[in-house]
Amino acid sequence: MTTAPHAPHVEIALPRSWSSERDPARGLLAAARSREVPPSGFAPELTLHSTPVEATLEEWRAASIADLAGQVVDLDVEDTDTYDVDGVAVSYVRFGHRVGGRDVVSEQWAWRVDGVGVTLTGTVARVDYLDYGDLFEEVAATVAFVGDRAA
1 MTTAPHAPHV EIALPRSWSS ERDPARGLLA AARSREVPPS GFAPELTLHS TPVEATLEEW
61 RAASIADLAG QVVDLDVEDT DTYDVDGVAV SYVRFGHRVG GRDVVSEQWA WRVDGVGVTL
121 TGTVARVDYL DYGDLFEEVA ATVAFVGDRA A
């Protein structure tokens, strides 16, 4: 378990065999990329970001999803959900888009803790999604907020 440097209360377990980096000054709590590139040529990646958020979780995520249309090519929101894990609200979205001409799938889990929005995003080539979707879910399940309460 690695403690994210942004705040001592965010923890995540990233795949040990993946290369990783951090840049808390830019809100990048953690980023990891598979060292093994699948035949698709697109290396799967995970990122954990934080940003100040004054809105509710629902308002913030709705605005973030709307903003995605201007940030990614051919956005297609495929699934959204909000659920509760141990009393903590989690917002989930899966969306397709294109990166460098490749069809990719991204999954995002988001939490709002003490005015900070934390987002975990896993991105993989669409043809590789079945090989990595479960891994992304396993990593999302390790995100923990120690000593604080998500709201």
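Residue numbers for the sequence shown follow the working numbering, so the first one is 1 and each next one is one higher. Positions of the beta carbon are idealized from the N, C-alpha and C atoms, including for glycine.
- Rounded to whole angstroms, the gap between the alpha carbons of Pro44 and Ser50 is 20 Å.
- Straight across, the Cα-Cα distance linking Thr47 with Val85 is about 20 Å.
- Pairing Gly117 with Ala140 gives a Cβ-Cβ distance that is not under 9 Å.
- Nearest C-alpha to Ser17 among Trp60, Arg35, Val10 and Ala30: Arg35.
- Each residue's CA atom was taken as its position, placing Glu138 and Tyr83 some 16 Å apart.
- For Glu107, the secondary structure class from DSSP, reduced to helix, strand or coil, is strand.
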